[in-house]
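Residue numbers (my numbering): 5 to 92. The beta carbon of each residue, even a glycine, is placed where N, CA and C say it ideally should be.
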């Protein structure tokens with residue numbers, strides 16, 4: 005038998021997201037490679053969550069959330085980086 009200890013500090017996903025009126029469609033780069041967004045259930049949920057978060061932006065000077073109406077309606081460019089295997 006083999007025993008493995010995994011360090012949760014090194015098993016993570018980091019996602020950078022940008023929204024802009026200049027973007028003509030949603031795009032994704034997974035681990036630095038362009039990925040076609042196929043509208044799978046997972047990806048639709050992910051985009052929905054990103055858009056819902058896009059409406060509220062933290063004002064660092066005031067330390068409060070400010071609502072930016074319409075920001076969630078823009079196209080999204082996202083770059084998730086996954087630091088652990090996702091397929092066997």
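Once DSSP output is grouped into helix, strand and coil, what is the label at residue i?
i	result
residue 73	coil
residue 10	coil
residue 83	strand
residue 44	coil
If you compare alpha carbons, which of the options is closest to residue i?
i	options	result
residue 37	87, 88, 83 and 89	83
residue 79	14, 22 and 73	22
residue 75	6, 57, 64 and 14	57
residue 28	81, 87 and 89	81
Can the beta-carbon of residue i be found less than 8 angstroms from the beta-carbon of residue j?
i	j	result
residue 85	residue 17	yes
Can you give me the start and stop residues for the beta strand (DSSP E) that residue i sits inside?
i	result
residue 37	37-39
residue 78	Where residue 78 is concerned, there is no enclosing beta strand (DSSP E), given that its DSSP letter is neither H nor E.
residue 28	Careful: residue 28 lies outside any beta strand (DSSP E) and carries neither H nor E.
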